[in-house]
Structure formats: structure tokens, C-alpha cells
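Here the structure is laid out as C-alpha cells; the discussion comes afterwards.
Here it is in C-alpha cells:
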């Protein structure tokens, strides 16, 4: 069976432009997932997660379609 190289992954060109924002949103997402949901309904506990997910999708859409700063592969 051939060896699979997993450590050498190259990001597409333009990754440097969106990397800080993506990492920031990932950190927010992790914090929102681990927040206690005492006294909240089940759906209310998920609202911050959906909000951050939408914010991330919207950011990528704006950078690709509106500003045209990144490629489709990214």
C-alpha cells in the first residue's frame, strides 16, 4: 500500500488574505460551541453557532463575488 503524505498540504494562492479572519471566526465558533446553555431552549443555544456560520459564509461570498480578491479554488 502506498504511503500517503498528509503533512505537505499547500493552500491555494490568496489564502494569506483571508486566513486571519477565518481563524478568528473559527475561534468564535469554538467558543460558541462550548458555551453553557443553562436555562436556554435547545434552539436558543444554537443561535450563536448559526450566526457565526452565516458570518463566515457571507465573508467568503463577499471576498469572492463582490471584491474578486480570491480564486474559486480557495
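Residue numbers (UniProt numbering): 1 to 74. Where is the CB? At the ideal position from N, CA and C, for every residue including glycine.
Under the Cβ criterion (8 Å, minimum of three pairs), the stretch 1 to 16 does not count as touching the stretch 35 to 52. Straight-line spacing of the CA atoms in residue 52 and residue 21 works out to 12 Å. In the same chain as residue 17, and ignoring 5 residues on each side of it, the C-beta atoms closer than 7 Å to its own belong to 69 and 70, in chain order. Counted as a single uninterrupted DSSP element, the alpha helix (DSSP H) harbouring residue 54 occupies residues 42 to 61.
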